[in-house]
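Residue numbers (the UniProt record's numbering): 1 to 41.
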C-alpha cells in the first residue's frame, strides 16, 4: 500500500460516518497518528 498514491487521496470526501465501527490497530512501527479512513480496521 502506498498511501501517497492519488488513489488514496481523501480530498472531496465528507467526514467519517457516525456509525463507522473501524478501529486503528497500532504496533511498534505504526502509531495511531498514521491511521485514516482507508487503513484502520
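Idealized CB from N, CA, C, for every residue including glycine.
Is the beta carbon of residue j closer than 8 Å to that of residue i?
i, j, result
"residue 24", "residue 18", "no"
Counting only the same chain and skipping the five closest in sequence on each side, list residues whose C-beta sits under 8 Å from that of residue i.
i, result
"residue 29", "none"
Got a sec? Which residues, its chain only, sit under 6 Å from residue i by beta carbon, not counting five neighbours each side?
i, result
"residue 26", "32"
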